[in-house]
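Trainee: Residues 5 to 239 in our numbering are what the sequence shown spells out, letter by letter.
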Amino acid sequence: MKKTTYQGVTTLEVLEGADNYNRWIAETIKRFAKSPILELGAGTGNISDYFLDKKNFLITEYDLRLVSYLKKKYTSTKHVQILQLDIAQKPSGKLHESFSTVFAVNVFEHIKDDEVALKNAHRLLKKNGRIIILVPAKKFAYTRLDKNLGHYRRYEKQELKNKLEEAGFTVEKIYFFNIVGLLSWIIRDKVEKQNMQLDRSQIALFDKIVPLLRSIESVVPIPIGISFIAVARKI
């Protein structure tokens, strides 16, 4: 496997403090997840932390520095395993059809050939297993920050649905997530001319309103958002 480096490590470190936001994402995914579970592109474990109650949990990451960090972080968590895995490459046959759930948070936009990556994820799942992914939404919202983070794209709903189906999945649902995040993402691009990194103070402020935002989005379908969450089943 080639040695690669993730461009957004600084952003991952900033998001470590967004406890409400990370919990919201994780608990949304957990509603659809069943063990054994594999996480793709775990980064620094911001979402992984909320799955430590799950048995048979495999955390994967393709950046060797982050793999080393994760191994140290979870060294005393016995039922968690850490593995270097590049989902853009065909996974080892030992992993094929081994998981009931594969999930990824902000991963596929970093992969040039995301269609191949989705097919590789399909290989990891047992029959009727689920893939759950969170990806950036709406092409018009692609900004300099997206480019700086190494994003190849933001997705449209039909595009995401088509790619999942072409990879062999039946799509159960695709919906928008975090409407406030999209507005702030666009406004930030217009206002900030120099700093193309997420700011800790901005993240902390947003994290304070997450409980209210979460309660609203739990009962009111939003027409747009910064991300899509997609849930699909292997057929």
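The beta carbon of each residue, even a glycine, is placed where N, CA and C say it ideally should be. Keep in mind it's a predicted model, so treat the numbers as computed, not measured.
For A208 and R27, I'd like the C-alpha separation in whole angstroms.
Mentor: Residue numbering aside, residue 208 sits at position 204 when the sequence shown is read from its first letter. Residue numbering aside, residue 27 sits at position 23 when the sequence shown is read from its first letter. Going from the Cα of A208 to the Cα of R27 covers about 14 Å.
Trainee: Excluding five sequence neighbours on each side, which residues of the same chain lie with their C-beta closer than 6 Å to the C-beta of I135?
Mentor: Within the sequence shown, residue 135 is the residue found at index 131, counting from 1. So the list reads V106, A125 and A236, once near-sequence residues are dropped.
Trainee: I believe T32 touches I233 by the beta-carbon criterion, under 8 Å. Please report the beta-carbon distance rounded to the nearest angstrom.
Mentor: What you label residue 32 is simply residue 28 of the sequence shown in a count that begins at 1. What you label residue 233 is simply residue 229 of the sequence shown in a count that begins at 1. Confirmed, about 6 Å.
Trainee: Tell me whether E113 sits in a helix, a strand or coil according to DSSP, three-state version.
Mentor: By one-based count along the sequence shown, residue 113 stands at place 109. Correct three-state label for E113: helix.
Trainee: What did DSSP end up calling L99 once you bin it into helix, strand or coil?
Mentor: Taking the first residue of the sequence shown as position 1, residue 99 is located at position 95. Here L99 sits in helix by DSSP.
Trainee: On the CB-based measure, 16 or more other CB atoms within 10 Å of its CB, does R170 come out buried or exposed?
Mentor: Position 166 of the sequence shown, counted from the first residue, corresponds to residue 170. The sequence given here has Glu at residue 170, not Arg. By the neighbour-count rule (16 or more Cβ atoms within 10 Å), E170 is not buried but exposed.
Trainee: Answer yes or no: do R69 and E113 have a C-beta to C-beta separation smaller than 8 Å?
Mentor: Taking the first residue of the sequence shown as 1, we reach residue 69 at position 65. Taking the first residue of the sequence shown as 1, we reach residue 113 at position 109. No, they are not a contact pair.
Trainee: Could you spell out the range, first to last residue, of the alpha helix (DSSP H) harbouring F210?
Mentor: As a first step, residue 210 is located in the sequence shown; it is residue number 206 there, counting from the start. Per DSSP, F210 belongs to the alpha helix (DSSP H) from R204 to E221.
Trainee: At the level of alpha carbons, what is the spacing between L132 and T174?
Mentor: For this step, residue 132 is matched to residue 128 along the sequence shown. For this step, residue 174 is matched to residue 170 along the sequence shown. Note on residue identity: the sequence assigns Asn, not Leu, to residue 132. Approximately 9 Å, taken between the alpha carbons.
Trainee: Give me the Cα-Cα distance between E119 and I91, rounded to the nearest whole angstrom.
Mentor: Taking the sequence shown and counting its residues from 1, one reaches residue 119 at position 115. Taking the sequence shown and counting its residues from 1, one reaches residue 91 at position 87. Taking the straight line from one Cα to the other gives about 11 Å.
Trainee: At which residues does the beta strand (DSSP E) containing S39 begin and terminate?
Mentor: Your numbering for residue 39 matches position 35 in the sequence shown. No beta strand (DSSP E) contains S39, which DSSP labels as neither H nor E.
Trainee: Within its chain, find whatever has a CB closer than 6 Å to the CB of K142; leave out the 5 residues flanking it on each side and keep chain order.
Mentor: Within the sequence shown, the letter at position 138 stands for residue 142. Only R158 meet the Cβ criterion.
Trainee: Provide the residue(s) that pair with R148 in DSSP beta bridges, ordered along the chain.
Mentor: Working through the sequence shown from its first residue, we reach residue 148 at position 144. The partner list for R148 (beta bridge, DSSP) is empty, contrary to what the question assumes.
Trainee: Is the distance from the Cβ of I86 to the Cβ of F61 below 8 Å?
Mentor: One-based indexing of the sequence shown puts residue 86 at position 82. One-based indexing of the sequence shown puts residue 61 at position 57. Their beta carbons are not under 8 Å apart, which means I86 does not touch F61 by this criterion.
Trainee: Which same chain residues end up closer than 6 Å to I239 when comparing Cβ atoms and leaving out the 5 residues on each side of it in sequence?
Mentor: Your numbering for residue 239 matches position 235 in the sequence shown. Counting only Cβ-Cβ distances below 6 Å, and skipping sequence neighbours, we find T174.
Trainee: Contact check, I51 vs V109 under 8 Å by CB: the rounded distance?
Mentor: In the sequence shown, the residue the question calls residue 51 occupies position 47. In the sequence shown, the residue the question calls residue 109 occupies position 105. About 5 Å; that satisfies the 8 Å criterion.
Trainee: What residue from H155, A145 and Y78 has the CA that sits closest to I183's CA?
Mentor: For the purposes of this step, residue 183 is identified with residue 179 of the sequence shown, where counting begins at 1. Of the candidates H155, A145 and Y78, the one whose C-alpha sits nearest the C-alpha of I183 is A145.
Trainee: So, for N168: in the same chain, excluding its five sequence neighbours on each side, which residues have a beta-carbon less than 7 Å away from its beta-carbon?
Mentor: Within the sequence shown, the letter at position 164 stands for residue 168. The residue you asked about is not Asn; residue 168 is Leu in the sequence shown. These residues qualify, in order along the chain: L122, V175, A234 and A236.
Trainee: Which residues in the same chain as R218 place their Cβ atom closer than 6 Å to its Cβ, once the five residues preceding and following it in sequence are excluded?
Mentor: By 1-based counting over the sequence shown, the position of residue 218 is 214. If we look at R218 and ignore the five residues flanking it on each side, its Cβ neighbours are W28.
Trainee: In terms of alpha-carbon separation, which member of A46, D57, K58 and K161 lies closest to L89?
Mentor: Residue numbering aside, residue 89 sits at position 85 when the sequence shown is read from its first letter. Measuring from the Cα of L89, the nearest candidate turns out to be A46.
Trainee: Taking the C-alpha atoms as reference points, what is the distance between P95 and L44?
Mentor: For the purposes of this step, residue 95 is taken as residue 91 along the sequence shown, with counting starting at 1. For the purposes of this step, residue 44 is taken as residue 40 along the sequence shown, with counting starting at 1. So the alpha carbons of these two residues sit roughly 12 Å apart.
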